[in-house]
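Undergrad: Protein sequence lines, in the order shown, are assigned to chains A and B.
Converting from the first sequence to the numbering used here requires adding 271 to each position, the first position being numbered 1.
Converting from the second sequence to the numbering used here requires adding 271 to each position, the first position being numbered 1.
For every residue, glycine included, the Cβ atom is placed at its ideal position computed from N, Cα and C.
Here's a structure for you.
Number of protein chains: 2
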Amino acid sequence: MFYRSLLFPDLRMTLDANDDDGLREFCEALHPAVVAEVIDELEPAELWRVLVSCDAELQAEIFGFFEPRLQIAIVDVADRKRLSRLIEEMAPDDRVDVLELLDDEQVESLLPLMAQAERTDIRKLLSYPDGSAGSIMTTEYASLPEEITVSEALDELRIQAPDSETIYYIYILDEGRRLDGIVSLRELIQAKRTATLSEIMHRDVISVRVDDDEEYVARELARYDFLAIPVVDNLHRLVGIVTLDDALDVLEEEATEDAQMQAAIQPLDESYMTTPFFVLAQKRGVWLVILLAAAFLTAWVMQGYEELQRSYVWMAAFIPLVLASGGNAGSQSATLIIREMATSEMDYRDKYFIVMRELRMALTLGAALMALSFGVAICMVPLAEAIVVAVTVFIMVIFGTTAGALLPILFKRLGMDPALMSNPLIAALVDVLGVIIYFSTAIALLGPVAKAVE
Amino acid sequence: MFYRSLLFPDLRMTLDANDDDGLREFCEALHPAVVAEVIDELEPAELWRVLVSCDAELQAEIFGFFEPRLQIAIVDVADRKRLSRLIEEMAPDDRVDVLELLDDEQVESLLPLMAQAERTDIRKLLSYPDGSAGSIMTTEYASLPEEITVSEALDELRIQAPDSETIYYIYILDEGRRLDGIVSLRELIQAKRTATLSEIMHRDVISVRVDDDEEYVARELARYDFLAIPVVDNLHRLVGIVTLDDALDVLEEEATEDAQMQAAIQPLDESYMTTPFFVLAQKRGVWLVILLAAAFLTAWVMQGYEELQRSYVWMAAFIPLVLASGGNAGSQSATLIIREMATSEMDYRDKYFIVMRELRMALTLGAALMALSFGVAICMVPLAEAIVVAVTVFIMVIFGTTAGALLPILFKRLGMDPALMSNPLIAALVDVLGVIIYFSTAIALLGPVAKAVE
């Protein structure tokens, strides 16, 4: 963003002067990520003019840094021949992401212009379901047979390098393309040049399966501090690799998605800035309507206590307080547990530990807030009423914390995303029962009608 | 977690049999990350026995995968000599993280046992402030002078490899250790063996400064899809590198911290599972108390309307509803904007765009919820009262959305973490003004007392 204001005027002038050499120089001088940021405010047709001034490889690199929306817009204005060339040049995982954005007609108009090998690769990658390891892996990895020497391997890597996403891990395959071992380029550089790969390779290769969840794959990569992790099919044949930079993107997206769900927003497919207004309004509105419905349920429950309220008018003043104390305690529990479930695997014992710990926490925090509430309330209302408020706060904190801890675990158990149990939703559920708890406590401690009508 | 139950019994037996060779074999057979997970439930003294069965390098690797709390516990039981050897073997960035956990006395008992070079390196890294690039960088990078050939460079890398965190990027330094260029090992492998590094290196090196914020550094790494980014001092001398796996850890921690702050929890220093109970209770309790204080403010404001409430008893039923509609809309805004600020840099224009967009969103969502509220409320209360509820919902959504959008931006402007503006805090602030809005609307539309006392 910082670069944009600095470089944009220069680009504008070069474009207006129809200076194609100038445009190429502009693109070549900067990192493709920076070029993409500077030019992304141009009209798609102008943007395409900038791109075609470079060679196809650089075009593909810059194009890969655009937001999906912009990529679609460029596809609409680009000529098929040059565009198919650009897409051929993209990394297999990135280009499949682009093709998945297009409609079938567009894909079918582009595929015939590409080489047979690329087409096969694309069709194969397109077949893996969204969210699987297959959908984020690339097929461009370096592989060698185990019988060659280190020296031969280094020569062979020179040939494979231009077509590999990384050559820092080399996968050793048998004749059936089954994954037999792995050796890092670092180890290769350090090894005796005459050693064979079978002598230096690691045979216990940590791999993931092509249908594993992308988030699990990303966490495995992060856990072992790998640069890439091999992806195998059910015959243990190597079908691709997932690199650390893609894993990082997956984890970042997942964190953003969880943050949105926690705040009762349907996850956005793109960034906040590029999501169209009405898509955003809908993804927020849906949940606001659901929460409004829950709030009307609370209102309806409260109407049932109208006689009591007429008798105990003082009670209304503390309704926001008792409800918030339950909702806030619940948000804390739910957020901690949802994030813990997202970032680490949990077994039965861990969940038991969490539930027990939250119960103890509920009692501790509930007691503390009850004492404080009593201390403040006694300055505002008579003793009996202060007791009703304090006792309700105690019950609400326990109830909110328990709901916040159990509901996400329950949701996960049911095979749903625990983050669906958003904080506002927990608060809304706590509210409904909260008013019942509040009024029941009042009835229990003060009786169903005020003894002396004031 | 899955491995633990499978492998733990085997380990237990080996330990009980005092079979040191067996322990060593156990550690060598598995990835250090897995070993760390399996053994982390042993008592520190037993754990140390497992560790010392391996050579110092493997000890250091396994030790690096433990949680900070466990590292401290092991330091307490380990003998100084072996421990100092283990720490010497750790990567410079990791070992500084460990030393930062210890008290000065412990550090001073360990340092004299280490080699002079390591000591100097440690003291230097310890001097960088927490949260800076310096605090997460490693000093073990591969560097070469520009005049040597590719072939010489490959030989030299064999020597540097064991002491470098990565050899996949090679930094080209002048005599004053100033950063002149960069070449990747991939490019080195592909280059003619007789070329000099000055011919193939990139001279426009993207770097960060040693006092840059760690989160900024992590985002830069992710943005350019680098494996590592060089860290320079103010004379442009190379002082270290930050690798992608460390960047990923920083971003994950940051996301966890933001999620906690959003739910009104003081950020935890360790994971939920390992944070001691009373530390956790305190980090949650502090905010619950602040929110309780805000809620008492709301109660106090409401007490001021007691006469009105006596006259309009029906109003109480809708208090949770009107307050929640403001709070929920505010949570959505705040969450979207805080995450957007965390994941991308924003200039003045972006902020203007966001504020304008949120105002429009507030009107749109407010109008929709007003219509819906009216539709439901009219089935529950007379027309005039339904209008009061619907109009209040409209104002509350606008007010909540605006507060949710503006407060994080304002906090950032004041140099504070925008995530401090947690969703419960926004809701609490909205509540205070919400009751005023609700009662004022009622007075405006229905008059200060009910016309016909029911």
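1. Tell me, which residues are paired with I500/A by DSSP?
2. For G372/B, is the classification buried or exposed, using 16 other Cβ atoms within 10 angstroms of its Cβ as the cut-off for buried?
3. Report the neighbours of V647/B on chain A: residues whose CB is nearer than 7 Å to its CB, in chain order.
4. May I ask you to report which of helix, strand or coil DSSP gives E725/B?
5. Let's test the definition: count the other Cβ atoms within 10 Å of the Cβ of Y623/A and tell me whether it reaches 16, buried, or not, exposed.
6. Among A300/B, Q330/B and R448/B, whose alpha-carbon lies nearest the alpha-carbon of L322/B?
7. For G718/A, which three-state DSSP category applies?
8. Give the list of continuous alpha helix (DSSP H) stretches no shorter than 4 residues that lie fully inside the segment 407-457 of chain A.
9. Give a yes or no on whether the C-beta atoms belonging to E332/A and L286/A are separated by under 9 Å.
10. Find the nearest neighbour of A676/A within the set L579/A, A690/A, P400/A and V378/A, judged by alpha-carbon distance.
11. To the nearest angstrom, how far is it from the Cα of P383/A to the Cα of I512/A?
12. Does T663/B have its Cβ less than 9 Å from a Cβ in chain A?
13. Below 8 Å between beta carbons is the criterion; list the residues of the segment 543-562 of chain B that meet it against any residue of chain A, in chain order.
14. Which residues, in chain order, does the segment 406-437 of chain A contribute to contact with chain B at a C-beta distance below 7 Å?
15. Where does the unbroken alpha helix (DSSP H) through M586/A begin, and where does it stop?
16. What span of residues does the alpha helix (DSSP H) with G646/A cover, start to end?
17. Can you give me the C-alpha to C-alpha distance between A462/A and V421/A, rounded to a whole angstrom?
18. Taking N694/B as the query, report the chain A residues whose CB atoms sit under 9 Å from its CB, ordered along the chain.
19. Counting only runs of 4+ residues fully inside the segment 684-717 of chain B, write out the alpha helix (DSSP H) ranges in chain order.
20. Say whether chain A places a C-beta atom closer than 9 Å to the C-beta of D451/B.
21. Using a C-beta cutoff of 9 Å, does D496/B count as contacting chain D?
22. Thinking L506/B and V703/B are a contact (beta carbons under 8 Å), I'd like their distance in whole angstroms, please.
23. Within its chain, find whatever has a CB closer than 8 Å to the CB of V664/A; leave out the 5 residues flanking it on each side and keep chain order.
24. Given this structure, state the Cα-to-Cα distance separating P679/A from I310/A, to the nearest angstrom.
25. Short check: CB of A600/B to CB of T672/B, under 9 Å?
26. Quick one, are the C-beta atoms of S615/A and S406/B less than 9 Å apart?
27. Compare the C-alpha of F279/A against each of A307/A, G686/A and D292/A and name the closest.
28. Touching or not, the segment 552-563 of chain B and the segment 529-536 of chain B, by the rule of three or more beta carbon pairs under 8 Å?
29. For V720/A and R340/B, what's the separation of their Cα atoms in angstroms?
30. Could you have a look at T467/A and say whether DSSP puts it in helix, strand or coil?
31. For A518/A, which of V660/A, E528/A, I500/A and E328/A has the nearest alpha-carbon?
32. Please return the same chain residues whose Cβ sits closer than 6 Å to the Cβ of D482/B, not counting the five positions on each side in sequence.
33. Hey, out of Y442/A, I590/A and A552/A, whose CA is closest to L630/B's CA?
34. Between D350/A, F336/A, W571/A and E656/A, which has its C-alpha nearest R366/A's C-alpha?
35. Where does S615/B fall in DSSP's three states?
36. With distances taken between CB atoms, is the gap from T635/A to Q531/B smaller than 9 Å?
TA: This is what the structure gives:
1. V513/A
2. In the sequence as displayed, the identity of residue 372/B is Leu instead of Gly. Exposed: under 16 other Cβ atoms inside 10 Å.
3. F567
4. Only weak support is given to the placement of E725/B: the predicted model assigns it a pLDDT of 45, under 50, and the value that follows is read from those uncertain coordinates. Three-state result, E725/B: coil.
5. exposed
6. Q330/B
7. coil
8. 421-431
9. no
10. A690/A
11. 26 Å
12. no
13. Y543, M544, F548, L551, A552, R555, G556, W558, L559, V560 and L562
14. L425, L428, R429 and A432
15. Run containing M586/A: none; DSSP gives neither H nor E here.
16. Y619 to A648
17. 7 Å
18. Q533, A534, S602, N694 and P695
19. 694-717
20. no
21. Protein chains in the displayed structure are A and B, and chain D is not among them.
22. Actually they are not in contact, since the Cβ atoms of L506/B and V703/B sit about 53 Å apart, beyond 8 Å.
23. L592, V593, S596, G637, L640, M641 and S644
24. 43 Å
25. yes
26. no
27. A307/A
28. yes
29. 56 Å
30. strand
31. I500/A
32. S403
33. A552/A
34. F336/A
35. coil
36. no
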